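In my numbering, the protein residues as written are 541 to 1139. The beta-carbon is built from N, C-alpha and C at its ideal position, and this holds for glycine as well. All values derive from a computational prediction rather than experimental measurement. Before any comments, here is the structure.
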């Protein structure tokens, strides 16, 4: 086994305390003898949710030697609320201890710069690896095997049960419902996400008519995995965004049958096809669906894009977005999204709740194609609850949007616990209702609007108000501290070390990619754009004293065995948004760890 740098792991501290431990506060000393994997995550982040799923198999296979600790490190103000973290741990079936760190104390101790980040601590308490982003499960499996062998030989490995204590289950008809659809007969179909089912409710929105699916994660005719969006198709069936199965399913209310329309059950990764026969193309965390312009549009939250499914040809294709995360308008293929999670169609527009930019956006026809515009929102780091003129209005991580009869739209402003309204005719944002707990969708029923109160596990019927609710304005920025960098030249190094037994895959050209941009664009005088080297010299412009560096890195590694004609290959990828402040005496080098340790 290759030697690792001897860096003592800092202690785990978090003002919110511990979850899933039966009330016990853990220390690293308590975990000595075990391999510890810290998962720095926040529950808004779809990439963090992907990593939770990547870790499930490793967690089960090495249950007697590995302890996974989730370190919840919030981006949004709502995510710093302890009850919201408690809800998220149940919502996403996190079956390991979680440290609630609302002030990012442990995040800072470990110098983490991105969600998600994984840090591996050996049985003697030393940090031996760090991985940012997705796609590292195979590398962790390899490293865990090495650590098990090495520390078993040294006598420093301690096997046994871990510290996880399951919380008591709670009985409710719905559990963290995601989206709802009014069926032609007047009943509601609801995606009961945490229970992996669809539930049909009577017209009262409360009485259960039937359940669809076994209630266990699955990809068969009776299985879903955290389903979300629902849309009625022209043939009377319902399209279902089967989010964690990375698939589009069809449910027939007449027969109860469930079939697969699109997706393979595997998560789409860079380099794979983006169009073709629908059941042969991988998808990535589809979160909502809507019928618009003779196609079914898919909010592909996992890759920050919109895709379409054409039932006439049985094909899917990318319709908008580049996979880069951010807020950029323009021709649909060039636009940037950030975890689009809600869709609503009108005759001439497809409205999009773009959750990570806290934005309301829309797609409209533009000549022969489509264009993306922004109605409300400015980018990844500004959010809040502010009404008024759209240019200065603020949302906080909205997940749903609903078209209203007067041409305006209602926005399920999830982390503000509010239902908001945007009127294109006046350009004004108002608040319709408050104290709806984590609303994720809403359905219009006559003069009423039925809101999915996800964190209250119910549908709530509201009368559309004549006047807006008065709300005190608040504005926020993400609380991550800016990195002080020196004026002039800044060396950017993305650190990547291929896992043991693997090498960079150069069979078909460069196996790495680096994309750099900034907000504001004027921050970078030189160095923006795409290249194949994981290191780059940036030149910070004179007169710009702060901003955000957007860095997207990708590396492909394959098994290093010359005898193997078809080596297994893996994609490692991560996006960073690094707030920087330009000050004399600041750092002249910015290291970002994709995999390994920075020497």
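In the DSSP assignment, residue 1074 falls outside any beta strand (DSSP E) and carries neither an H nor an E. For residue 657 and residue 1088, the gap between their C-alpha atoms comes out near 19 Å.
For residue 604, the three-state secondary structure derived from DSSP is coil. The beta-bridge partner set that DSSP reports for residue 658 consists of 579 and 671.
Here residue 1095 is not near residue 1079, since their CB atoms are 9 Å or more apart. For residue 794, the number of other beta carbons within 10 angstroms of its own is below 16, and it is reported as exposed. Of 699, 784 and 952, the smallest CA-CA separation from residue 737 is found for 784. Residue 591 is positioned such that its CB atom lies no closer than 9 Å to that of residue 612. In this structure, residue 828 sits away from residue 818, with a CB-CB distance that is not shorter than 9 Å. Residue 1115 is bridged by DSSP to 1092. Beta-bridge pairing by DSSP links residue 979 to 993. Cβ-Cβ separation between residue 875 and residue 912: approximately 4 Å, consistent with a contact (criterion under 8 Å). Taking the Cα positions, residue 716 is about 6 Å away from residue 995. Between residue 586 and the set 970, 939 and 1020, the nearest pair of CA atoms involves 939. The way I'd put it, the stretch 1004-1018 doesn't touch the stretch 732-747; fewer than three beta-carbon pairs between them come closer than 8 Å. In terms of Cα proximity to residue 999, the closest of 597, 746, 712 and 620 is 746. Around the Cβ of residue 946, a 10 Å sphere holds fewer than 16 other Cβ atoms; the residue is exposed. As the crow flies, the alpha-carbon of residue 807 is around 12 Å from that of residue 841.
About 17 Å separates the CB atoms of residue 644 and residue 1121; that is not less than 8 Å, and the two are not in contact. Assignment of residue 1031 by DSSP, reduced to helix, strand and coil, places it in the strand class. Rounded to the nearest angstrom, the Cβ distance from residue 570 to residue 609 is 11 Å, too far for a contact under 8 Å. Nearest to residue 642 by alpha-carbon distance, out of 632, 820, 614 and 1069, is 614.
Less than 9 Å separates the beta-carbon of residue 1093 from that of residue 1036.
Residue 986 and residue 949 have their alpha carbons spaced roughly 15 Å apart. By the neighbour-count criterion, in which a residue is buried when 16 or more other Cβ atoms sit within 10 angstroms of its Cβ, residue 932 is exposed. Approximately 5 Å separates the beta-carbon atoms of residue 779 and residue 771; this is inside 8 Å, confirming the contact. In this model, residue 661 and residue 1126 are separated by some 30 Å (Cα to Cα).
Assigned with DSSP and collapsed to three states, residue 810 falls in coil, not helix or strand.
A distance below 9 Å separates the beta carbons of residue 1135 and residue 670. Shortest Cα-Cα distance from residue 898 to any of 886, 879 and 890 involves 879. Residue 1062 and residue 1068 have their C-alpha atoms some 10 Å from each other.
Put simply, the backbone Cα of residue 1032 is about 30 Å away from that of residue 665. In the three-state scheme derived from DSSP, where H, G and I count as helix and E and B as strand, residue 1061 is classed as helix.
Secondary structure at residue 750: strand, using DSSP grouped into helix, strand and coil. Residue 742 places its beta carbon 9 Å or farther from that of residue 1117.
Selection 978, 958 and 983 evaluated against residue 972 yields 958 as nearest (Cα-Cα).
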